[in-house]
Amino acid sequence: MRDPVIMAKVKEILAALSEAEPGHAVEVRIPPYSAIQCGTGPKHTRGTPPNVVEMNAQTLAGLAAGEISWASAVSAGEIHASGERSDLSSLFEKIRISS
Numbered sequence: 021m022r023d024p025v026i027m028a029k030v031k032e033i034l035a036a037l038s039e040a041e042p043g044h045a046v047e048v049r050i051p052p053y054s055a056i057q058c059g060t061g062p063k064h065t066r067g068t069p070p071n072v073v074e075m076n077a078q079t080l081a082g083l084a085a086g087e088i089s090w091a092s093a094v095s096a097g098e099i100h101a102s103g104e105r106s107d108l109s110s111l112f113e114k115i116r117i118s119s
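Sequence positions in the sequence shown follow our numbering and run 21 to 119.
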């Protein structure tokens, strides 16, 4: 079952990411809570997207609050990112949402 408090925080952060970098080039997945597409570049419409970022809600919140870095989360295996546009480190630097 999805925790409604965590769900609200995930949706708040994903909305901020979409606002800061609108588009459809990268799919950001936070299972089991939500997923969005953001970032400029080619739009993905069918099948597995070429640019995918997946992480848990705790990692997402830590990145949004500036408590952890993109590089350290990737190194620790907390973020799974594939595709040439999947490095969202600069996008997380644009937003700050307290955890």
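C-beta: ideal position from N, C-alpha, C; glycine also.
Asked	Found
Taking only the alpha-carbon atoms, compute the straight-line gap between M27 and G59 and give it to the nearest angstrom.	22 Å
So, is S102 buried or exposed, given that buried needs 16 or more other C-beta atoms within 10 angstroms?	exposed
On the DSSP letters alone, give me the boundaries of the beta strand (DSSP E) that S102 sits inside.	99-102
Taking only the alpha-carbon atoms, compute the straight-line gap between A91 and S109 and give it to the nearest angstrom.	8 Å
Considering A55, what are the terminal residues of the alpha helix (DSSP H) in which it resides?	Careful: A55 lies outside any alpha helix (DSSP H), inside the beta strand (DSSP E) at 54-58.
Let me check understanding here. Comparing Cα to Cα, which of A96, S89, I88, A77 lies closest to I33?	A77
Just tell me which of T79, Q57, G97 has its CA closest to the CA of S119.	T79
Which same chain residues end up closer than 8 Å to S54 when comparing Cβ atoms and leaving out the 5 residues on each side of it in sequence?	M27, V30, K31, L34
Could you tell me the distance, in whole angstroms, from the CA atom of G61 to the CA atom of A40?	15 Å
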